[in-house]
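The structure appears below as structure tokens.
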Amino acid sequence: MNAGTEAALDRIRGDVPARNHNARTISALTSNPGCNRRGVMDAAGIDKERLAAYVGFPVQFGQSQFAITRGNVFEAQVKANGCAELLTLLRDKLELELPEVSYDDLEAVGGNLSREVRHARTRNLLARAASGSEDAGTLFDHPLLRLEVGGRHVYLEPDLIAFQWKGQFHVVEIKSFPVIDGQADGGKVAAAAIQSAVYVLCLRAMLAEQGFPDSAVAHDVVLVCPKDFSNQLTATFVDVRKQLTVLRRQLSRLTRIDELVSLLPPTVSLSISRPAAEVAEDLGLIEARYMPECLNNCELARFCRDESRGCTRVMGRTVSEDLGGVETVETALGLARGSLAPSPEQVEAASLLRLAWSLRAECLGSAA
Amino acid sequence: MIEGWVLLENTGGLYSTTVGESIEGLERMIVELRSAVRHAAMAGDRAQARTLRAELRRAEAAWDDALAELEESAELGEPAVRAPERTRPKPAAPLLPMREQVHHVLTLLTVPAAPRLIVAVHDAFFSGEMISARLTSLRRDEERSYRSAPNARPYYLCPALTADLLAPARGLLSVSTWAMAGRIVGPLSPRVHYLTSAMQVADYITRLDDPRPAAARLLWRFAANIPGAAEGGVRPESVAKAARAELVIHEEADLYDREASAERAARLSPVVQLFGSRLDVVRDKEETG
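Chains as they are written, first to last, in my numbering: chain A, 468 to 835; chain B, 373 to 661.
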């Protein structure tokens with residue numbers, strides 16, 4: 468990324484510290500890769516929650532403090548005493564051998580918490596382990612990984628252990644949602660899978676830089692969750708090949724941030740020190756692609772939904788795909804009633820709409 | 373050099389630092405310092421900002437101490453006032469200072485341990501209440517005490533050191549009088565420490581006439597994560613035996629790592645040997661230079 472883009476992003480963010488990407492924001496970003504607004508805001512490191520509240524669309528609820536605390540307590544339990552519980556579990560389920568107990572903590576390097584130092588150390592240790600030297604190490608806690616998103620390096624700090632077993636790294640994802648009778652909440656497992664896939668991708672990218680093949684990192688991640696209603700652990704293998712393909716494709720499709728920023732007028736700024744109306748106006752200058760799914764993973768979604776009221780895509784992906792070429796609800800109604808002549812690209816959608824309209828009229832009869 | 377400290381005068385007992393300023397005064401000072409740091413940072417004066425930040429950290433540490441003292445006097449003061457009304461005094465007030473209690477636990481375990489384990493072992497075998505929140509400030513107090521008057525105490529509670537960088541290991545406490553190799557943590561050490569702790573705890577239980585339920589619980593928790601320890605019921609002998617069996621696998625490699633690091637550590641200055649080196653340029657110069 469060039470210096471001009473960096474300066475432009477600083478201007479867009481205003482006088483506040485930048486926020487970092489994490490696995491959650493990357494998986495959200497890839498669920499709607501065509502949204503320039505989110506791309507620019509994430510690249511600039513804008514606090515979207517604060518911005519949304521500032522322009523009049525506060526987030527109704529955020530991450531639950533109780534859930535976060537529960538997650539931390541469970542993670543501490545799993546990792547206590549040199550990962551004693553995790554080792555028992557891995558020995559039990561995966562037949563990890565008894566001598567494999569080495570544990571490296573990468574959270575701080577000699578009291579130094581800087582990301583560059585930690586990343587360099589992570590890279591060294593994992594490369595040494597991958598090259599298969601004798602004291603290779605088994606468990607690696609809090610590695611700091613790096614991923615290129617839209618032409619910009621972002622650091623990811625997973626609460627996980629990269630764990631080496633039979634010459635392959637496995638990502639261990641510790642999640643505090645329970646697995647009851649062998650069943651877990653599907654949505655939560657899917658979210659965990661895509662987050663783990665982000666880490667697998669980072670790990671592979673890091674090892675590839677040093678000439679190791681992709682197969683050095685397994686596509687099966689180990690998901691560690693509480694069992695039933697107890698605090699006991701259980702481990703499951705989750706295959707993330709599908710998520711990896713999706714992620715890779717979406718990341719490659721992400722428009723490069725340099726291009727995006729160069730298209731914006733040079734005065735755009737989302738600094739919350741400016742009047743709210745002006746910020747909202749500038750937000751409108753950055754193209755968004757609202758979809759109903761955005762409500763689940765973007766803090767600004769309610770602003771975008773309000774902005775795109777009257778557009779067909781507010782009704783979701785299936786509707787907007789059926790109505791290809793028809794942008795607004797008004798046009799759709801006009802085409803259905805036959806009061807509007809369809810342009811060549813709207814012909815197909817128009818015939819569908821007219822059919823729907825006649826069916827509706829037949830069903831409802833005079834009531835319509 | 374390290375062994376020499378044992379023979380020095382015993383100043384044990386009280387270890388609170390005298391805080392001249394009142395806690396309100398400190399709070400005012402912290403607020404003022406914070407804004408001064410911000411101004412310096414905004415003006416781009418890095419050197420000034422760094423000095424001010426160091427001062428701010430000192431003020432914050434002093435505030436922590438003052439607060440701990442307040443808490444302590446509140447804890448000790450309360451039963452004294454109510455004592456006449458009760459038939460039995462409240463047993464919660466610890467008879468020994470915190471550092472002595474921690475020292476007892478670490479001496480029992482013989483290996484560096486995390487605060488959580490220290491509290492669990494203390495609850496299982498010793499009397500009095502150990503407040504885990506105070507364990508966090510303990511290490512800093514010890515370091516400050518050593519720096520102001522080196523070797524004034526028979527022992528110091530200090531961090532375990534990582535084998536590679538000889539930096540303080542996160543959350544692990546050890547005793548300054550231990551041999552250097554015993555205070556170093558290599559990649560295999562967490563497991564070795566765990567197994568050694570299990571053996572020591574099991575051993576201690578066999579020597580007690582009537583172990584408390586908390587002791588049995590502690591043993592059970594160790595047994596759950598050692599292969600073969602819970603076969604035929606959790607008994608101290610079987611736990612110790614199983615732990616020893618696994619320990620044999622790791623012991624040699626671990627000791628080799630730790631001794632190699634201990635050799636390197638011997639070349640460092642005494643304060644770095646005790647409290648670890650940090651990858652922090654300014655402090656590094658101070659300590660090694």
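Just so it is clear, CB atoms sit at the ideal spot from N, CA and C, and this is done for glycine as well.
The region 705–712 of chain A makes no contact with the region 568–582 of chain A, as fewer than three CB pairs between them are under 8 Å. Under the rule that a run must span 3 or more residues, the beta strand (DSSP E) segments found entirely inside the region 670–701 of chain A read 687–693.
In the displayed model, Ile641 (chain A) falls within a strand according to three-state DSSP. A straight line joining the alpha-carbon of Gly634 (chain A) with that of Gln530 (chain A) spans about 37 Å. Looking at the DSSP output, Asp572 (chain A) shares a beta bridge with A:Asp608. With contacts defined by Cβ atoms closer than 9 Å, Ala828 (chain A) and Gly792 (chain A) do not form a contacting pair. Of all residues in the region 553–570 of chain A, only Leu554, Thr555, Arg558, Leu565, Pro566, Val568, Ser569, Tyr570 place a beta-carbon less than 8 Å from a beta-carbon of chain B. Within the model, the alpha-carbon separation for Thr785 (chain A) versus Val403 (chain B) is close to 57 Å. Residues of the region 694–719 of chain A that bring their beta carbon within less than 7 Å of a beta carbon in chain B are absent altogether. Counting along the chain, Cys502 (chain A) sits inside no alpha helix (DSSP H), nor does DSSP assign it H or E at all.
With its beta carbon less than 9 Å from one in chain A, Ala541 (chain B) belongs to the interface. For chain A, the residues of the region 469–492 of chain B that bring a beta carbon within less than 8 Å of one of its beta carbons are Ala486, Arg488, Leu489, in chain order. Interface flag for Tyr576 (chain B) against chain A is unset, since no Cβ pair is found closer than 9 Å.
Put simply, the CB of Ser548 (chain B) is far from chain A, with every gap to its CB atoms at 9 Å or more. The CB of Gly599 (chain A) never comes closer than 8 Å to any CB in chain B; the least such distance is about 16 Å.
Residues of chain A whose Cβ lies closer than 7 Å to the Cβ of Glu618 (chain B) are, in chain order, Leu565.
For Phe636 (chain A), the secondary structure class from DSSP, reduced to helix, strand or coil, is strand. Ranked by Cα distance from Arg430 (chain B), the options B:Ala486, B:Glu515, B:Phe498, B:Glu443 are led by B:Glu515. Within the region 615–647 of chain B, the residues whose Cβ lies closer than 7 Å to some Cβ of chain A are Glu618, Ile621, His622, listed in chain order. Secondary-structure assignment with DSSP links Gln631 (chain A) through a beta bridge to A:Phe636.
Assignment of Cys765 (chain A) by DSSP, reduced to helix, strand and coil, places it in the coil class. From the listed residues B:Arg418, B:Trp592, B:Glu624, B:Ala438, the smallest Cα separation to Ser610 (chain B) is found for B:Trp592.
Neighbours of Ala547 (chain A) in chain B, taken as residues at a C-beta separation under 9 Å, are given in chain order as Ala486, Arg488, Leu489. Within a 10 Å sphere around the beta-carbon of Phe704 (chain A) sit fewer than 16 other beta-carbons, which makes this residue exposed. For Ala532 (chain B), no alpha helix (DSSP H) run applies; the uninterrupted beta strand (DSSP E) run containing it begins and ends at 529–534, by DSSP.
Counting along the chain, the unbroken alpha helix (DSSP H) around Ser561 (chain B) starts and ends at 561–579.
Residues His488, Asn489, Ala490, Ile493, Leu611, Leu612, Arg613, Leu614, Val665, Tyr666, Cys669 of the same chain have their beta carbon placed closer than 8 Å to that of Leu623 (chain A), with the five preceding and five following residues left out of the count. When rounded, the separation of the alpha-carbon atoms in Ile641 (chain A) and Ala744 (chain A) is 43 Å. In the DSSP assignment, Gly554 (chain B) falls outside any alpha helix (DSSP H) and carries neither an H nor an E.
Of the residues B:Leu533, B:Ala602, B:Asp575, the one whose Cα lies closest to the Cα of Trp550 (chain B) is B:Leu533. Secondary structure at Val522 (chain A): coil, using DSSP grouped into helix, strand and coil. Val616 (chain A) is a Cβ neighbour of Ala510 (chain A), given a cutoff of 9 Å. Exclusion of the five residues before and after Ile577 (chain B) leaves Pro583, Ala587, Leu591, Pro608 as the residues of its chain whose Cβ lies within less than 7 Å of its Cβ. At a beta-carbon threshold of 7 Å, the residues of chain A lying near Leu560 (chain B) are Val568, Ser569, ordered along the chain.
Along the length of the region 485–535 of chain B, whole beta strand (DSSP E) runs at least 3 residues long occupy 529–534, reported in chain order. For a cut-off of 8 Å, the C-beta gap from Glu618 (chain B) to Leu737 (chain A) is around 57 Å, too long to register as a contact.
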